[in-house]
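Engineer: Sequences listed follow chains A, B, C and D, in order.
Numbered according to this note's numbering, the first sequence spans residues 1 to 289.
Numbered according to this note's numbering, the second sequence spans residues 1001 to 1289.
Numbered according to this note's numbering, the third sequence spans residues 2001 to 2289.
Numbered according to this note's numbering, the fourth sequence spans residues 3001 to 3289.
This is the structure I have questions about; it appears just below.
Protein chains: 4
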Amino acid sequence: MTAPTAILQVICPDRPALVSELSGWVAANGGNIRHADHHTDAGAGLFLSRIEWQLEGFGLPREAIAPAVSALAERLGGEGQVHFSDATPRVAIFVSKQHHCLVDLLWRTRSGELPMAVPLVISNHPDLEPVARDFGATYVHLPVSATTKAEVEQEQLRLLAEHNIELVVLAKYMQVLSPGFLERYCGSGSHQVINIHHSFLPAFKGAQPYHRAWERGVKLIGATAHYVTEELDGGPIIEQATVHVSHRDEVDDLIRKGRDCERLALARALRLHLRRQVMVYRGRTAVFD
Amino acid sequence: MTAPTAILQVICPDRPALVSELSGWVAANGGNIRHADHHTDAGAGLFLSRIEWQLEGFGLPREAIAPAVSALAERLGGEGQVHFSDATPRVAIFVSKQHHCLVDLLWRTRSGELPMAVPLVISNHPDLEPVARDFGATYVHLPVSATTKAEVEQEQLRLLAEHNIELVVLAKYMQVLSPGFLERYCGSGSHQVINIHHSFLPAFKGAQPYHRAWERGVKLIGATAHYVTEELDGGPIIEQATVHVSHRDEVDDLIRKGRDCERLALARALRLHLRRQVMVYRGRTAVFD
Amino acid sequence: MTAPTAILQVICPDRPALVSELSGWVAANGGNIRHADHHTDAGAGLFLSRIEWQLEGFGLPREAIAPAVSALAERLGGEGQVHFSDATPRVAIFVSKQHHCLVDLLWRTRSGELPMAVPLVISNHPDLEPVARDFGATYVHLPVSATTKAEVEQEQLRLLAEHNIELVVLAKYMQVLSPGFLERYCGSGSHQVINIHHSFLPAFKGAQPYHRAWERGVKLIGATAHYVTEELDGGPIIEQATVHVSHRDEVDDLIRKGRDCERLALARALRLHLRRQVMVYRGRTAVFD
Amino acid sequence: MTAPTAILQVICPDRPALVSELSGWVAANGGNIRHADHHTDAGAGLFLSRIEWQLEGFGLPREAIAPAVSALAERLGGEGQVHFSDATPRVAIFVSKQHHCLVDLLWRTRSGELPMAVPLVISNHPDLEPVARDFGATYVHLPVSATTKAEVEQEQLRLLAEHNIELVVLAKYMQVLSPGFLERYCGSGSHQVINIHHSFLPAFKGAQPYHRAWERGVKLIGATAHYVTEELDGGPIIEQATVHVSHRDEVDDLIRKGRDCERLALARALRLHLRRQVMVYRGRTAVFD
């Protein structure tokens, strides 16, 4: 329906004329820019740019764009990448027993709100298999224990490779991925695992955030969607949401109210990521929305 | 403290290479872009651009920039204007008896949050004179009645001219300005009067919105900051805010809660306007924040 | 899991000692109150009370409670009703083609968040039949046209009676129910139809609210869950929600963002209704949450 | 304008018939209840009640009400207190250099939104003296250093006693009060010091929360109004607020946006406290609004 576009993301040291240089390159090849966003982090001396333009009528064939952008970014002393809006990234969703995020993501995918495909759902519990099946995804049940974790992660990695997965979404997976898994899967510096944490980070890192929020007597609870890094609940934040609670709310009410925060924050973060509106640098994100 | 910048705003028919052309012009003159935002209204076939760059080291003297931008915009078949971040627009605030917006704006001005000067406060009541005086503004009390309105507006226009006022803010003025006033003051198409309306427009246009909101039994109330046009409460919206209410809230509580919405929405809208982050076209705004 | 409770709702003319009289009646029968909320509408001279107490150990058998409460309310010159927390109201959901509210309600029902049963889904389109079937609901496809509307409504009424339905939820049904239907279904003064309207009422009543919101250039959009009355989009409001939009949002984006508002507002309103936390009087609601 | 009321607050072990007993006592003395709110903390086995009734026509003289409520609470094995709505608590505000909370509180007091008197403002800096003077408050400048802190606190305590202060509000005071001060001022268990902390507690306890929020790259910032206890930023929370931030916001922008959160959260918390809508138990609050 919508005409396909190319999206470049460039990070490089800040200096004058960068906007002109990048947009000039698009124009020189006959591209019609639909969105152009930039950010300068003055403290870090960095320039970030995201430019989206229509592919129709563009002077370079698709396969020549990425190399050209890389060369351009290299000339600027930085790094660049290109995505195409009509690509459909293959995404694996990791879950435990809770269905609300999984169901939400699958329905948003079906309705076209999330431009992705979900061929694979992995869980340490069997419960959500019917949901995955309804949406045509392979469901793999891999129970995890302290002793089997390393082995299970090997199998997870194998499945990700087999299904040609680009991005992993931890939709209330409730298990910590090992540094080894992350290194093997994400490689150096790339961000290919998104988690939803059920608190307003950095408050209540770790386990049972709703119980601890209740203990503390907070008046708002929240959820945080972030890229996963080796530091637990410490990765770059993409999106956060909060909702009011009162003294009348028991822990179960916090969990219930939190579910809506969780699925909204995760869905928004995922949409931003899939539309290539997120750029990560120095442990933080620039979100061009 | 912050290095001064120039800000251009251009609206023109959409076509390829506009971002490149505008940013290229800045770069060709040695300008270092700090913010560049664009918007394409596909339905209207219009392109809007706001580019902000550092004046230091720019190749053109200040007085030459506006003519150059106008010439550039003309070549593109559109219109352009330039502002400088270190200018301090002279603003008149119109009030009736309620102090909350006036006090808020004056304090935000003093603390540097609103880059403006307020030499003049005009009211149809004498009550707020001490507030204006505390902040060094001339306070002119001009009672308004149906028979004197035309005459009073003449005097208001005279005062605006005398104090060299660029922008009028209706901070709960509770009087409707005549089309004649607006035409004389704003000229053709420019937007130099901002109003705060105490409802979530277009709900509850006109008088006594809180009373009508209570009657209707709404669960949220709101406030709307907008440019004033000849159509009552129908001008381009800059900012809106809402707050929850309950059955326990009487009309007086709605008014009290609404005051916080009003001053927040007005202060945000005014800051956006003063930093030249708002562009108006076809009865609506693009807000580049 | 939770011990069952009785919930009384009484509306009567305001006078001293009403709280004491009602809570005294509960105590005299050995009831342990878990929640007691009251509201006085001073302008209307009305007192509203909702008291919830544990059934265990209560001195009256279940079938004797409703008559006793009615007698009590009558002595106070008002009206009363009783509900039991372990009842499971039978609810019919009316839909058109959009799935987001239906899916949301069915999942929340399955997870226990909405204490209801959904034996029946009625639609003027065939699209959502698989969804209803997955959740064990009978799906009846009844196309509606101007000429068949009266006949279709007769069939709808017959189905509601056949399935012993207590409450109808219009989950984006996109059809206006006739006064005749409402009178036949809701009887005099009772409120048994809940609708989700896709705007912040009273703004944008009627058709295509998102298109009109875009035209007006609002900066927030909203959704309103309300009881249906004969006045279109004019019934008592239960819950409202809003979300920010920007100039970058096309009509389709407003529709997409609005869906989250819609399903949240509807789910909250429905939960409040089902837990008997809503009382309706004089065209408005008191919501005891 | 509003008829004066009495407000009782009782905390006692939970058992049946407490609502009836308390409201029955009010009714037996001819009181007309305007608000009655209760809360049962099942885990703690505690019952909390707040009942507000009109003084006009009440059978006991004012001076007899507090003893009667104490006796009643004692019979229930708990504690009770009484306040009168037409009392005007004397409040001291502690500030450093930042004006936004002080100005906000003084204006809200003047307009009647906060039912209190502010005879005393204490600061470790001289800057805000003119503000206090404009509102008729005594301003005492007491510089604080590590070596003089104990001595300064003695003087602060003396001033609080001299001005007959009931409540201290730390409106961005930026100094930690010693346990000795708190013990001397608040006595055992009572809560007479309210602080506004510029983060969403428990995130970013302690110094420079906005700088640390920026470092972490959060997408929301917040403010927390809480009672002060010996545990730094660990006292019972009354109110919290959050606001969205983006990658474009520098630390200064976080501080600016945070100011609106701070003053709103503090003003709401203070109003709730002054209207005796807050009850504290076990390190947390029940807020009856």
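Using N, Cα and C, we set each Cβ at its ideal position, and we do this for glycine too.
(1) Using the beta-carbon of each residue, which ones in chain B are nearer than 7 Å to T2229 of chain C?
(2) Enumerated in chain order, which unbroken segments of the beta strand (DSSP E) with a length of 3 residues or greater are wholly contained in the stretch 3044 to 3087 of chain D?
(3) How would you label P3202 of chain D, buried or exposed, when you count the other beta carbons within 10 angstroms and need 16 or more for buried?
(4) For Q1292 of chain B, report the span of its beta strand (DSSP E) as first-last.
(5) Quick one: what's got a C-beta closer than 7 Å to D2104 of chain C's C-beta in the same chain, skipping five residues either side?
(6) Could you check whether the Cβ of R275 of chain A sits closer than 8 Å to any Cβ belonging to chain B?
(7) Would E155 of chain A and L142 of chain A qualify as a contact pair, given that the criterion is a beta-carbon distance under 8 Å?
(8) Look up Y2281 of chain C in the DSSP assignment and give the residues it is bridged to.
(9) Going along chain A, which residues have a C-beta under 8 Å from P3236 of chain D?
(10) Kindly indicate which residue of D:I3237, D:V3131, D:H3247 and D:T3229 has the alpha-carbon position closest to the one of P236 of chain A.
(11) With distances taken between CB atoms, is the gap from C2261 of chain C to T2285 of chain C smaller than 8 Å?
(12) Using only CA atoms, which one of B:L1008, B:G1030, B:H1038 and B:I1007 lies nearest to F288 of chain A?
(13) Would G77 of chain A and P13 of chain A qualify as a contact pair, given that the criterion is a beta-carbon distance under 8 Å?
(14) Between which two residues does the beta strand (DSSP E) containing P3119 of chain D stretch?
(15) Would you tell me roughly how many angstroms separate the C-alpha atoms of G222 of chain A and P2179 of chain C, rounded to the nearest one?
(16) Please compile the residues from chain C whose C-beta is within a distance smaller than 7 Å of the C-beta of A3023 of chain D.
(17) May I ask you to report which of helix, strand or coil DSSP gives P1179 of chain B?
(18) In angstroms with no decimal places, state the Cα-to-Cα distance between T138 of chain A and L1072 of chain B.
(19) Would you please verify whether the beta carbon of D260 of chain A is less than 8 Å from any beta carbon of chain C?
(20) Using CA atoms only, rank isn't needed, just tell me which of B:S1020, B:T1002, B:P1016 and B:V1026 is closest to L1008 of chain B.
(21) Answer yes or no: does any C-beta atom of chain A fall closer than 8 Å to that of E2113 of chain C?
(22) Can you confirm whether E239 of chain A, when its beta carbon is compared against all beta carbons of chain D, has any partner nearer than 8 Å?
(23) Please report how far the alpha carbon of I165 of chain A lies from the alpha carbon of D1086 of chain B, in whole angstroms.
(24) If you follow the alpha helix (DSSP H) that R256 of chain A is part of, which residue opens it and which one closes it?
(25) Can you tell me the Cα-Cα spacing of E3052 of chain D and D2233 of chain C, whole angstroms?
(26) Out of D:H3197, D:E3250 and D:E3162, which one is the CA nearest neighbour of V3121 of chain D?
(27) Would you mind giving the Cβ-Cβ distance between L1170 of chain B and V1140 of chain B, rounded to the nearest angstrom? I have them listed as a contact below 8 Å.
(28) Quick one, which residues of the stretch 3080 to 3114 of chain D are near chain B if we go by CB-CB under 8 Å, in chain order?
(29) What's the gap between the Cα of A150 of chain A and the Cα of L160 of chain A?
(30) Counting C-beta neighbours from all protein chains within 10 Å, is the total for H3273 of chain D 16 or more, i.e. buried, or is it exposed?
(31) Could you pull the start and end residues of the beta strand (DSSP E) that L8 of chain A belongs to?
(32) Rounded to the nearest angstrom, what separates C3101 of chain D and A3225 of chain D at their Cα positions?
(33) Could you name the residues of the stretch 2119 to 2135 of chain C whose beta carbon sits closer than 8 Å to any beta carbon of chain A, in the order they occur along the chain?
(34) How is D3216 of chain D classed by DSSP in three states: helix, strand or coil?
(35) By Cβ distance, which residues of its chain are closer than 8 Å to L2048 of chain C, with the 5 residues on each side in sequence left out?
Structural biologist: A quick look at the data gives this:
(1) Translated into positions along the third sequence, residue 2229 of chain C becomes position 229. Near T2229 of chain C there are no residues of chain B at all, since even the closest Cβ is about 12 Å away, more than 7 Å.
(2) With a minimum length of 3 residues, the continuous beta strand (DSSP E) runs that stay inside the stretch 3044 to 3087 of chain D are 3046 to 3054 and 3079 to 3084.
(3) Walking along the fourth sequence from the start, residue 3202 of chain D turns up at place 202. Answer is buried; the Cβ neighbour count reaches 16.
(4) No information on residue 1292 of chain B is available, as it lies outside the stretch 1001 to 1289 that chain B covers here.
(5) Translated into the one-based positions of the third sequence, residue 2104 of chain C becomes position 104. Once the five neighbours on either side are set aside, the close Cβ partners of D2104 of chain C are R2263 and A2267.
(6) By one-based count along the first sequence, residue 275 of chain A stands at place 275. For R275 of chain A, the answer is no, since every Cβ of chain B falls outside 8 Å of its Cβ.
(7) Counted from its first residue, the first sequence places residue 155 of chain A at position 155. Counted from its first residue, the first sequence places residue 142 of chain A at position 142. Yes, these two residues count as a Cβ contact at 8 Å.
(8) Position 281 of the third sequence, counting from 1, holds the residue named residue 2281 of chain C. BP columns for Y2281 of chain C point to C:R2284.
(9) Taking the first residue of the fourth sequence as position 1, residue 3236 of chain D is located at position 236. By Cβ distance, chain A contributes G217.
(10) On the first sequence, residue 236 of chain A is found 236 positions in, with the first residue counted as 1. Of the candidates D:I3237, D:V3131, D:H3247 and D:T3229, the one whose C-alpha sits nearest the C-alpha of P236 of chain A is D:H3247.
(11) By one-based count along the third sequence, residue 2261 of chain C stands at place 261. By one-based count along the third sequence, residue 2285 of chain C stands at place 285. Contact: no.
(12) Along the first sequence, one-based indexing puts residue 288 of chain A at 288. A check of alpha carbon separations from F288 of chain A across B:L1008, B:G1030, B:H1038 and B:I1007 identifies B:H1038 as the nearest.
(13) For the purposes of this step, residue 77 of chain A is taken as the residue at position 77 of the first sequence. For the purposes of this step, residue 13 of chain A is taken as the residue at position 13 of the first sequence. It is a contact, given that the beta carbons lie within the stated cut-off.
(14) Residue numbering aside, residue 3119 of chain D sits at position 119 when the fourth sequence is read from its first letter. Unbroken beta strand (DSSP E) run through P3119 of chain D: A3117 to S3123.
(15) Numbered from 1 along the first sequence, position 222 holds the residue referred to as residue 222 of chain A. Numbered from 1 along the third sequence, position 179 holds the residue referred to as residue 2179 of chain C. Taking the straight line joining both Cα atoms gives about 43 Å.
(16) In the fourth sequence, the residue the question calls residue 3023 of chain D occupies position 23. Note that residue 3023 of chain D is Ser in the sequence shown, not Ala. Around S3023 of chain D, the beta-carbon contacts reaching into chain C at under 7 Å are V2019, S2020 and S2023.
(17) The residue labelled residue 1179 of chain B in the question sits at position 179 within the second sequence. Here DSSP, grouped into helix, strand and coil, assigns P1179 of chain B to helix.
(18) Numbered from its first residue, the first sequence carries residue 138 of chain A at position 138. Numbered from its first residue, the second sequence carries residue 1072 of chain B at position 72. Those two C-alpha atoms are separated by around 57 Å.
(19) What you label residue 260 of chain A is simply residue 260 of the first sequence in a count that begins at 1. For D260 of chain A, a Cβ of chain C is located within less than 8 Å of the residue's own Cβ.
(20) Position 8 of the second sequence, counted from the first residue, corresponds to residue 1008 of chain B. Of the candidates B:S1020, B:T1002, B:P1016 and B:V1026, B:V1026 places its Cα closest to the Cα of L1008 of chain B.
(21) The residue you call residue 2113 of chain C lines up with position 113 of the third sequence. At least one CB atom of chain A sits nearer than 8 Å to the CB of E2113 of chain C.
(22) Here residue 239 of chain A is taken as the residue at index 239 of the first sequence, counted from 1. With its beta carbon less than 8 Å from one in chain D, E239 of chain A belongs to the interface.
(23) Looking up residue 165 of chain A in the first sequence gives position 165. Looking up residue 1086 of chain B in the second sequence gives position 86. Going by the C-alpha atoms only, they are around 51 Å apart.
(24) Here residue 256 of chain A refers to the residue found at position 256 when the first sequence is read from its first residue. It spans V251 to L274 - the alpha helix (DSSP H) in which R256 of chain A sits, taken as one unbroken run.
(25) Taking the first residue of the fourth sequence as position 1, residue 3052 of chain D is located at position 52. Taking the first residue of the third sequence as position 1, residue 2233 of chain C is located at position 233. Roughly 37 Å separates the two Cα atoms.
(26) Stepping through the fourth sequence from its first residue, residue 3121 of chain D is reached at position 121. Nearest of D:H3197, D:E3250 and D:E3162 to V3121 of chain D, Cα basis: D:E3162.
(27) Working through the second sequence from its first residue, we reach residue 1170 of chain B at position 170. Working through the second sequence from its first residue, we reach residue 1140 of chain B at position 140. By a beta-carbon distance limit of 8 Å, L1170 of chain B does not contact V1140 of chain B. Their separation comes to about 15 Å.
(28) Within the stretch 3080 to 3114 of chain D, contact with chain B at the beta-carbon level (separation under 8 Å) is assigned to H3099, H3100, V3103, W3107, S3111 and E3113.
(29) Counting from 1 along the first sequence, the entry for residue 150 of chain A is found at position 150. Counting from 1 along the first sequence, the entry for residue 160 of chain A is found at position 160. When rounded, the separation of the alpha-carbon atoms in A150 of chain A and L160 of chain A is 15 Å.
(30) Here residue 3273 of chain D refers to the residue found at position 273 of the fourth sequence. Under the 10 Å beta carbon count, H3273 of chain D is surrounded by 16 or more other beta carbons and is classified as buried.
(31) In the first sequence, the residue the question calls residue 8 of chain A occupies position 8. Counting along the chain, L8 of chain A sits inside the beta strand (DSSP E) bounded by residues T5 to P13.
(32) The residue given as residue 3101 of chain D occupies position 101 in the fourth sequence. The residue given as residue 3225 of chain D occupies position 225 in the fourth sequence. If you take the alpha carbons of C3101 of chain D and A3225 of chain D, they lie about 12 Å apart.
(33) Result list: D2134.
(34) The residue labelled residue 3216 of chain D in the question sits at position 216 within the fourth sequence. A small fix is needed here, since residue 3216 of chain D is Arg in this sequence, not Asp. R3216 of chain D: helix per DSSP, three-state reduction.
(35) For the purposes of this step, residue 2048 of chain C is taken as the residue at position 48 of the third sequence. Excluding sequence neighbours, L2048 of chain C sits near Q2009, V2010, I2011, H2038, H2039, T2040, D2041, M2279, Y2281 and A2286.
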